[in-house]
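Novice: These protein sequence lines map, in sequence, to chains V and D.
Quick note on numbering that gives the first Met the number 0: the first sequence kicks off at 0 and runs consecutively.
Quick note on numbering that gives the first Met the number 0: the second sequence kicks off at 0 and runs consecutively.
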Amino acid sequence: MLQAELAGAIGVLALDVQLGVAPGETLALAGPSGAGKTSVLRAIAGLLRPERGRVTCDGARWLDTAAHIDLPPERRGCGYLFQEYALFPHLSAWRNVAYGLPRERRRERAQELLERFGLGERADARPRDLSGGERQRVALARALAREPRALLLDEPLSALDTRTRGHASRALASALRDAGVPALLVTHDFGEAALLGDRVAVLDAGRIVQEGSARELAAAPASAFVADLTGAVVLTGEARPGPDGLTLVRLDGGDADAASTDPGSGRVAVSVHPWEIALGPSGAPPSGSAQNRLEGAITTVTHVGNRVRVGVEAGQPLVAEVTEPAVRELELRAGARVTATWKAAATRLVPL
Amino acid sequence: MTRPRPFPALLVAALALALAFLTLPVVAVFANTAPSALVSSLGDASARDALRLSLETSLIALAIVVAVGTPAAYLLATRRFRGHALVVTLVELPLVLPPAVAGIGLLAALGPNGILGSLVADAGVRLVLATAGVVVALVFVSAPYYLRQAQAAFAAVDPALLEASRTLGAGEARTFARVAIPVARPGLLAGGALAWGRALGEFGATLMFAGSFRGITQTAPLAIYERFSTDFTGALALSAVLVAVSAALLVSVKVAGSRAAG
Numbered sequence: 000m001l002q003a004e005l006a007g008a009i010g011v012l013a014l015d016v017q018l019g020v021a022p023g024e025t026l027a028l029a030g031p032s033g034a035g036k037t038s039v040l041r042a043i044a045g046l047l048r049p050e051r052g053r054v055t056c057d058g059a060r061w062l063d064t065a066a067h068i069d070l071p072p073e074r075r076g077c078g079y080l081f082q083e084y085a086l087f088p089h090l091s092a093w094r095n096v097a098y099g100l101p102r103e104r105r106r107e108r109a110q111e112l113l114e115r116f117g118l119g120e121r122a123d124a125r126p127r128d129l130s131g132g133e134r135q136r137v138a139l140a141r142a143l144a145r146e147p148r149a150l151l152l153d154e155p156l157s158a159l160d161t162r163t164r165g166h167a168s169r170a171l172a173s174a175l176r177d178a179g180v181p182a183l184l185v186t187h188d189f190g191e192a193a194l195l196g197d198r199v200a201v202l203d204a205g206r207i208v209q210e211g212s213a214r215e216l217a218a219a220p221a222s223a224f225v226a227d228l229t230g231a232v233v234l235t236g237e238a239r240p241g242p243d244g245l246t247l248v249r250l251d252g253g254d255a256d257a258a259s260t261d262p263g264s265g266r267v268a269v270s271v272h273p274w275e276i277a278l279g280p281s282g283a284p285p286s287g288s289a290q291n292r293l294e295g296a297i298t299t300v301t302h303v304g305n306r307v308r309v310g311v312e313a314g315q316p317l318v319a320e321v322t323e324p325a326v327r328e329l330e331l332r333a334g335a336r337v338t339a340t341w342k343a344a345a346t347r348l349v350p351l
Numbered sequence: 000m001t002r003p004r005p006f007p008a009l010l011v012a013a014l015a016l017a018l019a020f021l022t023l024p025v026v027a028v029f030a031n032t033a034p035s036a037l038v039s040s041l042g043d044a045s046a047r048d049a050l051r052l053s054l055e056t057s058l059i060a061l062a063i064v065v066a067v068g069t070p071a072a073y074l075l076a077t078r079r080f081r082g083h084a085l086v087v088t089l090v091e092l093p094l095v096l097p098p099a100v101a102g103i104g105l106l107a108a109l110g111p112n113g114i115l116g117s118l119v120a121d122a123g124v125r126l127v128l129a130t131a132g133v134v135v136a137l138v139f140v141s142a143p144y145y146l147r148q149a150q151a152a153f154a155a156v157d158p159a160l161l162e163a164s165r166t167l168g169a170g171e172a173r174t175f176a177r178v179a180i181p182v183a184r185p186g187l188l189a190g191g192a193l194a195w196g197r198a199l200g201e202f203g204a205t206l207m208f209a210g211s212f213r214g215i216t217q218t219a220p221l222a223i224y225e226r227f228s229t230d231f232t233g234a235l236a237l238s239a240v241l242v243a244v245s246a247a248l249l250v251s252v253k254v255a256g257s258r259a260a261g
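#1: Applying a beta-carbon distance threshold of less than 8 angstroms, which residues of chain V neighbour Val182 (chain D)?
#2: Does the beta carbon of Arg75 (chain V) come closer than 9 angstroms to any beta carbon on chain D?
#3: Identify each residue in the segment 90 to 109 of chain V for which the Cβ-Cβ distance to at least one residue of chain D is less than 7 angstroms, and report them in chain order.
#4: At the 9 angstroms Cβ level, is Ala44 (chain V) part of the contact set with chain D, yes or no?
#5: Residues of chain D with CB closer than 8 angstroms to the CB of Phe81 (chain V), please, in chain order.
#6: With contact counted as at least three CB pairs below 8 angstroms, one residue from each stretch, are the segment 92 to 108 of chain D and the segment 200 to 209 of chain D in contact?
#7: Label Gly42 (chain D) either buried or exposed according to how many other C-beta atoms from any shown protein chain fall within 10 Å of its C-beta, with 16 as the threshold for buried.
#8: Taking the straight line between their C-alpha atoms, what separation do you get for Thr64 (chain V) and Leu146 (chain D)?
#9: Closest Cβ-Cβ distance between Gly123 (chain D) and chain V: below 9 angstroms?
#10: Between Val134 (chain D) and the rest of its own chain, which residues show a CB-CB distance below 7 angstroms, the 5 nearest in sequence each way excluded?
#11: Secondary structure at Gly131 (chain V), three-state DSSP: helix, strand or coil?
#12: Cβ of Ala219 (chain D) within 9 angstroms of Cβ of Leu193 (chain D)?
#13: Taking 9 angstroms as the CB-CB cut-off, is Ala219 (chain V) touching chain D?
#14: For Gly7 (chain V), which option in V:Gly35, V:Ala85 and V:Pro22 has the closest C-alpha, if you only look at C-alpha atoms?
#15: Return the Cβ separation of Leu5 (chain V) and Leu14 (chain V) in integer angstroms, given the expectation that the two are a contact with Cβ distance under 8 angstroms.
#16: Under 7 angstroms, CB to CB, which of the residues in the segment 47 to 77 of chain D have a partner in chain V?
#17: Tell me which same chain residues have a C-beta within less than 8 angstroms of the C-beta of Ala277 (chain V), skipping the five on either side of it?
#18: Entirely within the segment 118 to 190 of chain D and at least 4 residues each: give me those alpha helix (DSSP H) ranges in chain order.
#19: Curious, which full-length beta strand (DSSP E) runs of at least 3 residues does the segment 35 to 70 of chain V contain?
#20: Beta-carbon within less than 8 angstroms of Gly244 (chain V)'s beta-carbon, same chain only, minus the 5 sequence neighbours each way: which residues are those?
#21: Identify the contact partners of Val178 (chain D) in chain V, using a Cβ-Cβ distance below 7 angstroms as the criterion.
#22: DSSP state of Ala257 (chain V), grouped into three classes?
#23: When the Cα atoms are used, what is the spatial distance from Asp256 (chain V) to Arg327 (chain V)?
#24: So, Ala29 (chain V) versus Glu191 (chain V), is the Cβ gap smaller than 9 angstroms?
#25: To the nearest angstrom, how far is the alpha carbon of Val95 (chain D) from that of Tyr144 (chain D)?
#26: Using beta carbons (cut-off 9 angstroms, strictly below), is Arg121 (chain V) in contact with chain D?
#27: Is the Cβ of Ala144 (chain V) closer than 9 angstroms to any Cβ of chain D?
#28: I'd like the span of the alpha helix (DSSP H) that includes Asp227 (chain V), first residue to last.
#29: Using CA atoms only, rank isn't needed, just tell me which of V:Leu317, V:Ser157 and V:Val307 is closest to Glu294 (chain V).
#30: Can you find the residues in the same chain that come closer than 6 angstroms, C-beta to C-beta, to Leu18 (chain V), ignoring five residues on each side of it along the sequence?
#31: Are the beta-carbon atoms of Gly68 (chain D) and Ala149 (chain D) separated by less than 9 angstroms?
#32: Return the chain-ordered list of same chain residues with a C-beta closer than 6 angstroms to the C-beta of Glu275 (chain V), the five sequence neighbours on each side being excluded.
#33: When you compare the CB of Ala169 (chain D) with every CB in chain V, is at least one pair closer than 9 angstroms?
#34: Which residue comes first and which comes last in the alpha helix (DSSP H) that contains Trp93 (chain V)?
#35: Are there 16 or more other CB atoms within 10 angstroms of the CB of Val250 (chain D), so buried, or fewer, so exposed?
#36: Report buried or exposed for Leu14 (chain D), applying the criterion of at least 16 other Cβ atoms within 10 angstroms of its Cβ.
Written out as structure tokens, the structure is:
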């Protein structure tokens, strides 16, 4: 069990974080840059000393500022995967992996690890001759080589291109499961957090603002900030009670209302997932009373795999995710006017 | 017909002028020295003594500069502390000191009547008019060249590499030896070459602090100066040898540096 309580000023950031990760569990710490994610990792690894804090792992005290205990990084035994991997440029792949290993059988141990990550053939290559994905795996093998008591991963996939990322994330997820130690991963990408984390904690300005499974966070974001991070469309407006137990929200920047099954009053953020929003021709007749409807002009059309993200300016910007056939059928292109519709039941309200 | 563009032509002209001016004296040294004169100058005992003394003292000075300068430069490159900029400026100060001032300063500090003179004498060390004094002068004038380069080389090492080493169980000393030095090696070699070159050519501070005694303190530049009034050909020949040694040094370090980096 890895437990950390960290507090105090780090630069302009006021850090105040408590977290615990069980053996074999991966906690993903998600948040925008500047939220203090990397500072949390560095403080746990001993690369940064917080003003106040306590870090324990399997009963060993790594840091306890009250008791003046602060073990240096080399005595904490955590595996740390750096954002740009920090492979030693002057050492071959196997020497990188063997760097922290005791002298006897280090070549064999390093070779075994490289083979486990499909890099047996690349043992003698220098880091500059490795691809991004290979570098990431060498760095992971190196972090695991000393059988660390906890694993810390700083944006493990962000240095990879999108093509490599899918495969790398599956390999990483299985490596994390096999390691059987507490793993703490930080990322600015909620999708990555959802993919790799058993639990996700959202960090904003040095504090954890919500913690739960990725599904829970996406379905019931505790704040507009969390909703925004999970990739939902966030609109703002003024809530008032409506008919049939619905809440109506007068959206800012227009005279349209949005209905929600959530309760709410006063200033609220309206959040809805892009895949819940359907697009139709401008002026199409309403097809149900609980449908929210907004008219607007298309600003962007972006193809993402087999989906298409369509940006619409409807008083406030929103994004809909539709299929390729829908784009062809409706002739969706920048400048075209469309109607965006989504269900009141898919509409979350969060007080601002 | 394309119109000649004036600015690129100006750049080429500037470089051509610089190249011609900077290589002319070196070319002249060799052009005026018959190969036979080169050989016969090496047959001269005093010339051999001067060269041997130059190599010995400059290598000892270089060893001292590297041994003390490498950790000092690492500290300056990796730690921020109050007065950091002042310390950097102070260790670089000898770069801009006229050699004569360096010589006077060394005498005032370490000479028989200098502020640390009695300390040096009590330790049983003789610096003035002694080979050890030459080494002291060479260390003083060459150390800043190495410190500057080494500090820049260490500052360019990605801090994440040093942190990665720590999380892999290596303490600070092992991280310094196994990661910082190998990664900074090209820069350290370049700094060593500059410092060595400066030490080989040292003249003023050595003359004032250690004197010019054949076989004891008369390094190659001092020997060249001594001959220059009486035996110009001999001075030229010795100069040619010194240029050859320095050029070989520069080339070998450049090759070693590009191997390390490449």
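Note that the Cβ used here is the ideal one computed from N, Cα and C, for glycine as well.
Specialist: Reading off the structure:
#1: Phe87, Pro88 and His89
#2: yes
#3: Tyr98 and Gly99
#4: Yes, Ala44 (chain V) lies at the interface with chain D (some Cβ there is under 9 angstroms from its Cβ).
#5: Ala159, Glu162 and Ala163
#6: yes
#7: Flag for Gly42 (chain D) reads exposed.
#8: 37 angstroms
#9: no
#10: Thr56, Ile59 and Ala60
#11: helix
#12: no
#13: no
#14: V:Gly35
#15: Contact flag correct, Cβ pair sits at about 5 angstroms.
#16: Flagged: no residues at all.
#17: The beta carbon of Ala277 (chain V) is closer than 8 angstroms to those of Ala319, Val321, Ala339, Thr340 and Trp341 in its chain, skipping five residues each way along the sequence.
#18: 130 to 154, 158 to 166 and 171 to 174
#19: 51 to 56 and 59 to 63
#20: Here the set comprises Thr260.
#21: Phe87
#22: strand
#23: 29 angstroms
#24: yes
#25: 11 angstroms
#26: no
#27: yes
#28: Ala223 to Leu228
#29: V:Leu317
#30: Ala3
#31: yes
#32: Trp341 and Ala345
#33: Yes, because at least one Cβ of chain V sits closer than 9 angstroms to the Cβ of Ala169 (chain D).
#34: Ala92 to Ala97
#35: exposed
#36: exposed
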